[in-house]
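Below: the structure, in structure tokens.
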Ligand SMILES: C[S@@+](CC[C@H](N)C(=O)[O-])C[C@H]1O[C@@H](n2cnc3c(N)ncnc32)[C@H](O)[C@@H]1O
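Numbering (the working numbering), first residue to last: 5 to 241.
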């Protein structure tokens, strides 16, 4: 499959048919269209260079899953899940400690734009809003079956997650210990030839910079390393 069929309200061109709540289907066929959809339709902004991330994702030749540390509102995770589903690549896991508890959701009153039958009341907690936003956006962007969100401290999730990864995107905790733990822990789950990408490699995040310098640029776990803007990437040996 070289397209992904999504639901769209805005910036619409060439949709297949009107749905009764105002959404239309739209076929997205490129990483550029996915990036535009994330920004204009889902209204997700992120410091992640989504275009570069998807270009890097396209270049990985080995098989496996993708894992992101640091979901936030899901801009990068949804983009990677849309691209992976479109290209029939592995599914995407995303981990964040602040996604909230699903048990906090109750069905009553708050309109997420899904139509009357789907109204929901969302309590004010930050985490729950993030979680429900993510689920809503996964439904719209047709990756409910491709993106696996995990609400957990990243280093704790290492105790029960053991995926075989083709790509790892580290964009979570900024302390040296957490960044190093994420790179080593999840980097160990990359197959040989898989790609690690780390964001926030800059003077504003000295913990991340120190961990990257030590393990990625100065270590033996990765080769062919490059820095582009605030992103660092390298291939697992
Ligand atoms: C810069 S944001 C991620 C942005 C996201 N990748 C995007 O493209 O929109 C960092 C996220 O990491 C999460 N985070 C921070 N420390 C974490 C930890 N130890 N374990 C899991 N998630 C963590 C934060 O809750 C926050 O949502």
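All residues carry an ideal CB built from backbone N, CA and C; glycine is no exception.
Task: CB of residue 145 within 7 Å of CB of residue 10, strictly - done: Stepping through the chain shown from its first residue, residue 145 is reached at position 141. Stepping through the chain shown from its first residue, residue 10 is reached at position 6. Contact: yes.
Task: Distance CB(residue 77)-CB(residue 137) smaller than 7 Å - done: As a position in the chain shown, residue 77 is number 73, starting the count at 1. As a position in the chain shown, residue 137 is number 133, starting the count at 1. Less than 7 Å separates the beta-carbon of residue 77 from that of residue 137.
- [ ] Have a look at residue 184 and residue 176 and give me their C-alpha separation to the nearest angstrom.
- [x] Numbered from 1 along the chain shown, position 180 holds the residue referred to as residue 184. Numbered from 1 along the chain shown, position 172 holds the residue referred to as residue 176. Pairing residue 184 with residue 176, the inter-Cα distance amounts to about 11 Å.
TODO: Buried or exposed for residue 166, please, with buried defined as at least 16 other CB atoms from any protein chain shown within 10 angstroms of its CB.
DONE: Your numbering for residue 166 matches position 162 in the chain shown. Under this definition residue 166 is an exposed residue.
Open item on the list: Between residue 235 and residue 203, how many whole angstroms is the CB-CB distance? I'm expecting something under 8 Å.
Closed with: Start at 1 with the first residue of the chain shown, and residue 235 comes out as number 231. Start at 1 with the first residue of the chain shown, and residue 203 comes out as number 199. That pair is a contact at about 6 Å.
- [ ] Evaluate contact between the stretch 155-171 and the stretch 205-217, counting only Cβ atoms and requiring at least three cross-stretch pairs below 8 Å.
- [x] In short, these stretches do not touch, since the Cβ pair count stays below three.
Open item on the list: Using a strict less-than 5 Å threshold between each residue's beta carbon and the heavy atoms of ligand 1, what residues do you get?
Closed with: Any residue whose Cβ sits closer than 5 Å to a heavy atom of ligand 1 makes the list: 50, 52, 74, 76, 79, 80, 100, 101, 102, 157, 158, 175, 176, 177 and 182.
Open item on the list: Taking the alpha-carbon of residue 31 as reference, which of 86, 66 and 51 has the nearest alpha-carbon?
Closed with: To locate residue 31, count along the chain shown from 1; it is residue 27. Closest by alpha carbon: 86.
TODO: Closer than 6 Å by C-beta to residue 216: which residues in its own chain qualify, once you throw out the five before and the five after it? Chain order, please.
DONE: Walking along the chain shown from the start, residue 216 turns up at place 212. Scanning its chain for C-beta atoms nearer than 6 Å, with the 5 sequence neighbours on each side dropped, one finds around residue 216 the residues 202, 205 and 236, in chain order.
Task: Bridge partners - residue 91, DSSP secondary structure assignment - done: Counting from 1 along the chain shown, the entry for residue 91 is found at position 87. According to DSSP, residue 91 bridges with nothing at all.
Open item on the list: Between which residues of its own chain and residue 7 is the CB-CB distance below 8 Å, once the five residues before and five after are set aside?
Closed with: Residue 7 sits at position 3 when you count from the first residue of the chain shown. Annotation for residue 7: 31, 32, 33 and 90 place their beta carbon closer than 8 Å to its own, counting only its chain and skipping 5 residues before and after.
Open item on the list: Given a cut-off of 7 Å on the beta-carbon distance, is the pair residue 99 and residue 156 in contact?
Closed with: Residue mapping note: residue 99 aligns to position 95 of the chain shown, counting from 1. Residue mapping note: residue 156 aligns to position 152 of the chain shown, counting from 1. Taking the C-beta atoms as reference points, residue 156 is found nearer than 7 Å to residue 99.
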